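*Asks:* Provided herewith is a single structure, encoded as C-alpha cells, for subsequent inquiry.
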Amino acid sequence: MAGGSIPHFQNDAGYAVIEIGVKEFMCVGATPPFDHPHVFLDMGADSEKVCPYCSTLYRFNGSLKPNETRPENCLYQTQAA
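Everything in the sequence shown is counted per the numbering used here, starting at 457 for the first residue and increasing by one.
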C-alpha cells in the first residue's frame, strides 16, 4: 500500500469475521486500554487472514473502501491527545 497509511482495525464487539477493503493492515484488538500489540498483517495472495493475538478473521472484500468495514465501526482511529 505504497504512498498511503496502513489502516488500523479494532474488534471491540468481538466479531468472529470482519470484512475489509485492503489486504495490508494493522490489527489492534480492542480499543486501548484493552488492545493487544498492534500487529501488521498482510494477506498476500490470500483473501483471509487471522490475527495471531485476538483470533479475529479478516476477510478481503474488494467492494469496500480502505476505510470501510463490515460490520461497520471496526476502523480504529487514534484520538488526539
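For each residue, glycine too, the CB sits at the ideal point set by N, CA and C.
Predicted model only: the values in this text are computed from it and were never measured.
1. Since Ile476 contacts Asn467 with CB under 8 Å, what's their CB separation in whole angstroms?
2. Could you tell me whether the stretch 476-491 touches the stretch 510-526, using the rule of 3 or more Cβ pairs below 8 Å?
3. Just to confirm the assignment: which complete beta strand (DSSP E) runs, minimum length 3, are found wholly within the stretch 483-525?
4. Can you list, in chain order, the residues of its chain with a C-beta nearer than 6 Å to that of Val484? Leave out the 5 residues immediately preceding and following it.
5. Whole angstroms are fine: how far does the CA of Cys507 sit from the CA of Thr487?
*Replies:* A quick look at the data gives this:
1. No, Ile476 and Asn467 are not in contact; Cβ-Cβ is about 11 Å, not under 8 Å.
2. yes
3. Entirely contained in the stretch 483-525, the beta strand (DSSP E) runs reaching 3 residues are, in chain order, 491-498, 504-506 and 513-516.
4. His464, Gln466, Asp491, His494 and Tyr532
5. 15 Å
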